[in-house]
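Quick notes on the structure that follows.
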Amino acid sequence: MSRPMELAFRLGWYILKNKLSRRKRYPLVTMLEPLEKCNLACEGCGRIREYEPVLDRMLTVEQCVAAVESSGAPIVSIAGGEPTLHPQIHEIVNGIISRKKFVYMCTNALLMERVMTRIPPSKFFCFVVHLDGMEDAHDRSVYRKGVFKIAVRAMRQALSQGYRVTTNTTVFNGCDEEDLIEMFTMVTEMGVEGAMVSPGYQFKDVPNQELFVSRRNARRIFKNILDPSRGLRFYNNPLYLDFLRGEREYDCTAWSNPTYTVMGWREPCYLLGDRHTEEVGDLFDGGLWERYGVGKDPRCANCMMHCGFESASIFGALKSPRDIYRMLDSGVGAS
Ligand code: SF4
Ligand code: SF4
Numbered sequence: 059m060s061r062p063m064e065l066a067f068r069l070g071w072y073i074l075k076n077k078l079s080r081r082k083r084y085p086l087v088t089m090l091e092p093l094e095k096c097n098l099a100c101e102g103c104g105r106i107r108e109y110e111p112v113l114d115r116m117l118t119v120e121q122c123v124a125a126v127e128s129s130g131a132p133i134v135s136i137a138g139g140e141p142t143l144h145p146q147i148h149e150i151v152n153g154i155i156s157r158k159k160f161v162y163m164c165t166n167a168l169l170m171e172r173v174m175t176r177i178p179p180s181k182f183f184c185f186v187v188h189l190d191g192m193e194d195a196h197d198r199s200v201y202r203k204g205v206f207k208i209a210v211r212a213m214r215q216a217l218s219q220g221y222r223v224t225t226n227t228t229v230f231n232g233c234d235e236e237d238l239i240e241m242f243t244m245v246t247e248m249g250v251e252g253a254m255v256s257p258g259y260q261f262k263d264v265p266n267q268e269l270f271v272s273r274r275n276a277r278r279i280f281k282n283i284l285d286p287s288r289g290l291r292f293y294n295n296p297l298y299l300d301f302l303r304g305e306r307e308y309d310c311t312a313w314s315n316p317t318y319t320v321m322g323w324r325e326p327c328y329l330l331g332d333r334h335t336e337e338v339g340d341l342f343d344g345g346l347w348e349r350y351g352v353g354k355d356p357r358c359a360n361c362m363m364h365c366g367f368e369s370a371s372i373f374g375a376l377k378s379p380r381d382i383y384r385m386l387d388s389g390v391g392a393s
């Protein structure tokens with residue numbers, strides 16, 4: 059199964075409706091975290107550390123669906139924690155796709171084969187498998203041997219059963235660029251819809267702060283690993299890939315990816331949780347965004363994450379017919 063055309067139509071129609079109603083800030087992707095617990099403990103993971111006191115909490119199916127409805131975005135990215143650990147994850151996914159929202163479920167793939175027995179293939183549902191390199195590099199990154207093999211086996215099985223599958227790779231300092239290129243080549247040849255990439259965000263709770271790349275270093279790495287001449291299939295839209303290579307600048311629009319967790323909506327963004335609120339509308343308040351973004355808060359200085367800048371590339375494209383054409387030509391990606 060490939061990226062459905064309906065995704066671009068629904069997203070385009072949704073953006074048009076919001077433009078016509080002159081809404082200045084609105085969500086494109088709801089980030090939903092039904093739990094923060096995980097069956098791995100990766101070195102660069104901020105979530106399992108930040109939410110340590112509430113790792114035993116889970117959202118109910120009703121809370122998940124209510125959060126998705128109150129946000130209203132046409133795309134839902136389910137993350138965490140490891141979402142497949144939620145005993146009702148199939149009810150959460152099926153409840154959201156029955157509302158014709160496109161669901162991308164991030165997973166480390168350890169329980170993916172079990173989930174496939176409960177969630178049928180659908181154009182509205184896509185697995186996003188965490189892969190940070192080939193076998194040695196990935197198993198080192200997730201601190202457990204054997205995870206790479208399980209992930210690749212589960213991806214092959216999902217593809218053979220007609221599921222939509224993408225991968226998600228976080229780039230850290232000192233990464234082996236040739237190894238990453240080998241992994242992107244492997245997943246392209248396997249037939250995944252594409253590989254998502256972004257640099258790791260410098261979570262303050264991660265003990266090894268040397269892991270995280272500066273903007274300058276990230277651009278140098280992305281210039282190499284995203285070289286279009288290799289013909290590798292990336293899932294992020296081409297304008298965001300230009301941004302990662304340092305060929306474009308955008309202001310952060312993180313309000314377009316509101317994140318709902320066991321403690322409520324993160325404020326201001328997926329990465330910074332200075333506060334939690336039960337009102338998604340609080341995240342679209344102009345006053346809030348006078349305080350956050352590159353040049354406003356020092357914690358934003360090196361941020362290039364898709365939650366802040368991929369949506370910015372989509373909003374930026376609305377001002378340029380040529381950029382709209384480039385995005386449509388590649389199939390729009392906002393997840
Ligand atoms: S698999 Fe994901 S959620 Fe789990 S520890 Fe690793 S980065 Fe964190
Ligand atoms: S730049 Fe935007 S997305 Fe990144 S940490 Fe700051 S507010 Fe969040």
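Plus 58 on top of the position in the sequence shown (first one is 1) and you've got this note's numbering. Glycine included, C-beta positions come from ideal geometry on N, C-alpha and C. Predicted model only: the values in this text are computed from it and were never measured.
Helix, strand or coil for residue i, going by three-state DSSP, please let me know.
{"i": "Y259", "result": "coil"}
{"i": "F270", "result": "coil"}
{"i": "T142", "result": "helix"}
{"i": "A66", "result": "helix"}
{"i": "S393", "result": "Confidence at S393 is low in this model, with a pLDDT of 48, below 50, so the placement of that residue is unreliable and no value is reported for it."}
{"i": "S60", "result": "coil"}
{"i": "S287", "result": "helix"}
{"i": "Y298", "result": "helix"}
{"i": "V151", "result": "helix"}
{"i": "I177", "result": "coil"}
{"i": "R37", "result": "Because the chain here runs from 59 to 393, residue 37 falls outside it and cannot be looked at."}
{"i": "R303", "result": "coil"}
{"i": "R398", "result": "Absent from the structure is residue 398, since the part of the chain shown begins at 59 and ends at 393."}
{"i": "W313", "result": "helix"}
Would you check whether ligand 2 has a heavy atom nearer than 7 Å to the C-beta of residue i?
{"i": "A375", "result": "no"}
May I ask whether a heavy atom of ligand 1 can be found less than 7 Å away from the beta carbon of residue i?
{"i": "H188", "result": "yes"}
{"i": "R61", "result": "no"}
{"i": "L98", "result": "yes"}
{"i": "I106", "result": "yes"}
{"i": "G191", "result": "no"}
{"i": "V200", "result": "yes"}
{"i": "G138", "result": "yes"}
{"i": "N166", "result": "yes"}
{"i": "C103", "result": "yes"}
When DSSP builds the beta bridges, which residues end up paired with residue i?
{"i": "Y318", "result": "L90, W323"}
{"i": "C184", "result": "Y162, R222"}
{"i": "I136", "result": "L90, M163"}
{"i": "A253", "result": "T225, F292"}
Identify every run of the alpha helix (DSSP H) within the segment 186–245, keeping only runs that are complete inside it and at least 4 residues long; order them along the chain. 193–199, 205–218
Test item, CB below 7 Å from any non-hydrogen atom of ligand 2: Y259, C310, A312, P326, C327, Y328, L329, L330, Y350, G351, V352, D355, R357, C358, C361, M363, C365, G366
Restricting to runs no shorter than 3 residues, where is the beta strand (DSSP E) found entirely within the segment 324–387? 331–335
Which full runs of the alpha helix (DSSP H) of 4+ residues lie inside the segment 72–134, going along the chain? 105–108, 119–129
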